[in-house]
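The sequence shown: position 173 = 198 (the numbering used here), numbered continuously.
Below: the structure, in structure tokens.
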Amino acid sequence: MSDSDLVAHGSGPQALADAVKQHHVIILVDVLRASSTIITALGNGASQIIPVPTVEEARERIYHYPDGFLAGERAAHPPAGFDYGNSPRSFLTDRIQGRPIILTTSNFTRTLGKPPESATILVGAFLNIDHVANTALHLSSKQGQPISVISAGSMQGIAAEDDFTSYQIMIRLRDPDGPPGYADVGDLARELLVTRHGSLLVQAGYEEDIHFCAQPNRYKITPILHKGGFIPYPSSD
Ligand code: MLT
Numbered sequence: 026m027s028d029s030d031l032v033a034h035g036s037g038p039q040a041l042a043d044a045v046k047q048h049h050v051i052i053l054v055d056v057l058r059a060s061s062t063i064i065t066a067l068g069n070g071a072s073q074i075i076p077v078p079t080v081e082e083a084r085e086r087i088y089h090y091p092d093g094f095l096a097g098e099r100a101a102h103p104p105a106g107f108d109y110g111n112s113p114r115s116f117l118t119d120r121i122q123g124r125p126i127i128l129t130t131s132n133f134t135r136t137l138g139k140p141p142e143s144a145t146i147l148v149g150a151f152l153n154i155d156h157v158a159n160t161a162l163h164l165s166s167k168q169g170q171p172i173s174v175i176s177a178g179s180m181q182g183i184a185a186e187d188d189f190t191s192y193q194i195m196i197r198l199r200d201p202d203g204p205p206g207y208a209d210v211g212d213l214a215r216e217l218l219v220t221r222h223g224s225l226l227v228q229a230g231y232e233e234d235i236h237f238c239a240q241p242n243r244y245k246i247t248p249i250l251h252k253g254g255f256i257p258y259p260s261s262d
């Protein structure tokens, strides 16, 4: 495999399905905000994050997890009766330690769908940019497969903030020991704020979330999909 074949990029559910079919090691990116939420919740001790595509399915699944929490958003806000929305900052709490979280969001969980159990799907964002790149490189060499960085995108198609983040992750993948692709950490929040989804979140009152999501390497953790739930990739493996 030449270096240029090692890392591919795509956007949306079809790109994800193609990468799954080709057995790639996949990094799924929804920087605003689902990827950042999953990383933060696992980083603060949640036992697993179970992604489901619809609000109805989330409400049904919670009955199988009596100690679980319901989380997610529609139009940026928590659906009625949910314990949490999709603000990563709301998971900065001990209350979630050891507890599963059922998560449904407009784009991330819809793009993810229900992939086969054999798929290798990691979650990436700025919060874990170096850790996810290193984990993907490790799994890629272990499995002898290339890496696909997939932007979750939006209902309307491409999401600029996801593509920007995906390219930053690709820079780490191509040169893990080199300098990052951004000059100044402050630039990251500005880059996310000017996107369509960034401005929607500002209007909805979640500007602080964007600053939170723009922190590189806050967590040394990589979520991996295992038996239908995201758990931290075991660092000893
Ligand atoms: C999504 O999956 O659509 C996003 O994470 C939406 C959001 O900002 O909460």
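Note that CB positions come from ideal geometry on N, CA and C, so glycine has one too.
Counting C-beta pairs with one atom in each stretch, the stretch 191-202 and the stretch 72-90 have fewer than three that are closer than 8 Å, which means they do not touch. Its chain contains 170 as the residues whose beta carbon lies nearer than 6 Å to that of residue 48, once the 5 sequence neighbours on both sides are disregarded; these appear in chain order. Separation of the CB atoms of residue 180 and residue 131 is rounded to 7 Å, and the pair is thereby assigned contact status at 8 Å. The ligand MLT has no heavy atom closer than 7 Å to the beta-carbon of residue 188.
For residue 33, the pairing in a beta bridge is given by DSSP as 173. Distance from the CA atom of residue 39 to the CA atom of residue 45, rounded to whole angstroms, is 10 Å. Sequence-distant partners of residue 174 (beyond 5 residues in either direction) whose C-beta falls short of 6 Å from its own C-beta, in its chain, are 34, 52, 191, 194 and 195. Listed as beta-bridge partners of residue 251 by DSSP are 254. Contact annotation: residue 145 and residue 113 have beta-carbon atoms that are not nearer than 8 Å. Boundaries of the alpha helix (DSSP H) around residue 228: 221-228. Spatial neighbours of residue 77 in its own chain (CB-CB distance under 8 Å, excluding positions within 5 residues in sequence) are listed in chain order as 83, 86, 127, 128, 129 and 134. Judged by beta-carbon spacing, residue 62 lies beyond the 8 Å limit of residue 157, meaning their Cβ atoms are not closer than that value. Cβ-Cβ separation between residue 257 and residue 67: approximately 5 Å, consistent with a contact (criterion under 8 Å). In the DSSP assignment, residue 179 forms a beta bridge with 182.
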